[in-house]
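Q: Structure provided below as C-alpha cells; questions to follow.
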Amino acid sequence: MDDPPQHKAYARCGVCMVTFSTHEFKLLSPCGHFLCNSCINTMFPSRKTCPFCRAPITKESFRTILLDFVPASVALTDKVIEGLDLMNENAKLVSVLKTPAKLKEAAESLNVDQELAHSLKQAITEFKERLVPLFKERKEQKEQIDKLHSQLEQSKSHEEKMEESTAKLRSLEDKVRTNRKNHRQVESERDKALEIATRATNELTIVRDENEALKARLAVVEKEIDTLKGSLQHHKAAERKNKVKKKEMQHQIAELESKLNQANKTNELVVGTSTLADSGYVDLDDNSESTKSRKRSQSRHTFDLAQYSIDTQLDFEGMPGPGFSSDWTPNKRLKAPNSKVKEITNFPIELDKFNRLAAPAHLGPKRKLRVPDALR
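As numbered in my numbering, the sequence shown has no gaps in its residue numbers, which increase by one up to the final residue, 376.
In C-alpha cells, the structure reads:
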C-alpha cells in the first residue's frame, strides 16, 4: 500500500534535473550516487561508468532504495517529546520559552481529533502560563544570587585591600617617624654644609683675586716673551747677515792672500834680477865721488823692469831715496771678537799672532842700491 502524498519523500535527479519520489531512484554501488530509473534505462546500455565520478558500474551495481519513511509531524512530535524529557531545573530559560511554540507546531501538524488538539493546545497554554513564569523567576533569582556572589567577592577583595592599606599605613607611620628623625639630622648637616660653603666662597673669592693677579702677571710675561721673541728673530736675522758678510770677507781674504803670494813671487823675481854683477857690496857714502861714479856705471846694469810691472794694490810704498829716512809704520791690528781669520799684513814680513816680528828684519837700510819702484 502506497504512502499518502504528504508522507512521501522526493528527490531531484542530478542528470535529467526532474523531481521524483525516492522510490523512483536506484543506488549506484559502490560510489553511492543516485539515478532515476528513466536515466538508468537511457544511459546504461551505452555507458558503463557513473556520470558523476566515472566509477565503473555493472548491472549488479544498481540497488533499490528501501527506506521506512516517517511523517514529518510524527518526527516533530518525537523531537518535542524528547526535548521535554530532557528539560529539568537546570534547563535554560530560552529553551523553556521555545517549548510552547514547538508544542503548538507539533499539535497543528498532527491529523487527529479537533477536541484532542484543542485539549493539547489548552495544556500548552497552561504550561506557558504556569511553568514559564517559574523559570523566569528562577532565572532572576539565579542572576540575583550571582550578583550577590559577585558583590561578596568584591567585599572580600575590598576588605583584603583595606587590611593591606592598614598595614601600609602603619608602615608609613613608622617611616614618617624615621623620616622626621632623618629630617632633623639633614637640617643639621645642611647648616654645616652652608657654613662650609660660605668659607669655600670666601676662599674662592681670594683664589679668584690671586688668579686675576696671576693673569695680569702672565700677560706681562707673555708680552716680554713676545718682545724677546722679536729680539731673537732680529738677532737671528743679524746673525744670518753676519754669516753672509763673513763668507764675503773670507772670500776677499782668500783673494788678497792670492794677490799677496803673487806679489811676493814678483818681488823675489825683481830683487833677484836687480842684484849687482859683482858680488862685493861696498858701503859708500852717498855724496862721495865713488858713489857718483857708481851711479853712473849703474845704468849698464839696470834692466828694463816694465815687463815685470804687475797691477797690485799693496798698502805700502817703495823704498825712499838715499839720505831720507822711512816713514812707514805697520797698521794697527783690528781685533774682531771670536775671529780665527789670520789678518793679512801690508808688508811681506813674517809676523807672529800679535803682529810682532817673528825674526830679525832690516827695515830700509840707508846704504843700499836703490831699485826703481816697479810695483808702484
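All residues carry an ideal CB built from backbone N, CA and C; glycine is no exception.
Checking the sheet assignment: what are the DSSP bridge partners for Phe62?
A: Translated into positions along the sequence shown, residue 62 becomes position 62. Bridge partners of Phe62: Leu28.
Q: Of the choices Ile349, Arg240, Lys175, Thr64, whose alpha-carbon is the least far from that of Ala361?
A: Taking the first residue of the sequence shown as position 1, residue 361 is located at position 361. Closest by alpha carbon: Ile349.
Q: Could you pull the start and end residues of the alpha helix (DSSP H) that Thr42 belongs to?
A: Taking the first residue of the sequence shown as 1, we reach residue 42 at position 42. Looking at the DSSP string, the run of the alpha helix (DSSP H) that includes Thr42 is 37-43.
Q: Between the Cα of Ile40 and the Cα atoms of Arg54, Ser29, Phe25, which residue gives the shortest distance?
A: Looking up residue 40 in the sequence shown gives position 40. Ranked by Cα distance from Ile40, the options Arg54, Ser29, Phe25 are led by Phe25.
Q: Checking the sheet assignment: what are the DSSP bridge partners for Ala11?
A: The residue given as residue 11 occupies position 11 in the sequence shown. DSSP output for Ala11 lists Phe20 as bridge partner(s).
Q: Going by DSSP in three states, Pro56 sits in which element: helix, strand or coil?
A: Sequence index remark: in the sequence shown, residue 56 carries index 56 (1-based). Of the three classes helix, strand and coil, the one that applies to Pro56 here is strand, per DSSP.
Q: Alpha carbon to alpha carbon, what distance is there between Val244 and Asn359?
A: Position 359 of the sequence shown holds residue 359. Position 244 of the sequence shown holds residue 244. The question names Asn, but residue 359 is Ala in the sequence shown. Taking the CA atoms as reference points, Ala359 sits about 37 angstroms from Val244.
Q: So what's Phe135 in DSSP terms, helix, strand or just coil?
A: Here the question's residue 135 lines up with position 135 in the sequence shown. Of the three classes helix, strand and coil, the one that applies to Phe135 here is helix, per DSSP.
Q: Name, in chain order, the residues that DSSP records as bridge partners for Leu351.
A: Start at 1 with the first residue of the sequence shown, and residue 351 comes out as number 351. Answer is Leu357.
Q: To the nearest angstrom, how far is it from the Cα of Ala213 to the Cα of Asp174?
A: Position 213 of the sequence shown, counted from the first residue, corresponds to residue 213. Position 174 of the sequence shown, counted from the first residue, corresponds to residue 174. Ala213 and Asp174: Cα-Cα distance of roughly 57 angstroms.
Q: Just the Cα atoms here: how many angstroms apart are Ile65 and Arg47?
A: Here the question's residue 65 lines up with position 65 in the sequence shown. Here the question's residue 47 lines up with position 47 in the sequence shown. In this structure, the straight-line span from the alpha carbon of Ile65 to that of Arg47 is close to 22 angstroms.
Q: By Cβ distance, which residues of its chain are closer than 6 angstroms to Asp352, with the 5 residues on each side in sequence left out?
A: Here residue 352 is taken as the residue at index 352 of the sequence shown, counted from 1. Within the same chain, Asp352 has close Cβ partners Ala358.
Q: Within 10 angstroms of its Cβ, does Met17 collect 16 or more other Cβ (buried), or is it exposed?
A: By one-based count along the sequence shown, residue 17 stands at place 17. Exposed: under 16 other Cβ atoms inside 10 Å.
Q: Beta carbon of Phe34, beta carbon of Leu27: below 8 angstroms?
A: One-based indexing of the sequence shown puts residue 34 at position 34. One-based indexing of the sequence shown puts residue 27 at position 27. Yes; because the gap between Cβ atoms is below 8 angstroms, this pair is in contact.
Q: Quick one: what's got a C-beta closer than 6 angstroms to Glu163's C-beta in the same chain, skipping five residues either side?
A: Stepping through the sequence shown from its first residue, residue 163 is reached at position 163. Correct list: empty, nothing qualifies.
Q: In whole angstroms, give me the CA-to-CA distance for Leu444 and Arg240.
A: The shown model of the chain, from 1 to 376, leaves out residue 444, and the question about it has no answer.
Q: Is the beta carbon of Cys31 less than 8 angstroms from the beta carbon of Cys53?
A: In the sequence shown, counting from the first residue as 1, residue 31 sits at position 31. In the sequence shown, counting from the first residue as 1, residue 53 sits at position 53. The answer is yes: Cβ separation under 8 angstroms.
Q: By how many angstroms is the C-alpha of Glu203 removed from the C-alpha of Val221?
A: Within the sequence shown, the letter at position 221 stands for residue 221. Within the sequence shown, the letter at position 203 stands for residue 203. Distance between the alpha carbons of Val221 and Glu203: 26 angstroms.
Q: Let's test the definition: count the other Cβ atoms within 10 Å of the Cβ of Phe354 and tell me whether it reaches 16, buried, or not, exposed.
A: Residue numbering aside, residue 354 sits at position 354 when the sequence shown is read from its first letter. By the 10 Å Cβ count, Phe354 comes out exposed.
Q: From the DSSP secondary-structure annotation, give me the bridge partner or partners of Thr49.
A: On the sequence shown, position 49 is the one that residue 49 refers to. Beta-bridge pairing links Thr49 to Pro56.
Q: Label Val270 either buried or exposed according to how many other C-beta atoms from any shown protein chain fall within 10 Å of its C-beta, with 16 as the threshold for buried.
A: Residue numbering aside, residue 270 sits at position 270 when the sequence shown is read from its first letter. Its Cβ being crowded by 16 or more others within 10 Å, Val270 is buried.
Q: Could you tell me the distance, in whole angstroms, from the CA atom of Gln141 to the CA atom of Gln151?
A: Counted from its first residue, the sequence shown places residue 141 at position 141. Counted from its first residue, the sequence shown places residue 151 at position 151. Distance between the alpha carbons of Gln141 and Gln151 is about 15 angstroms.
Q: With distance defined between alpha-carbon atoms, name the residue in His235, Ser29, Lys215, Glu248 nearest to Pro56.
A: Start at 1 with the first residue of the sequence shown, and residue 56 comes out as number 56. The option with the nearest alpha carbon to Pro56 is Ser29.
Q: Would the beta-carbon of Val15 fall within 8 angstroms of that of Pro51?
A: Residue numbering aside, residue 15 sits at position 15 when the sequence shown is read from its first letter. Residue numbering aside, residue 51 sits at position 51 when the sequence shown is read from its first letter. Cβ distance < 8 angstroms, so Val15 and Pro51 count as in contact.
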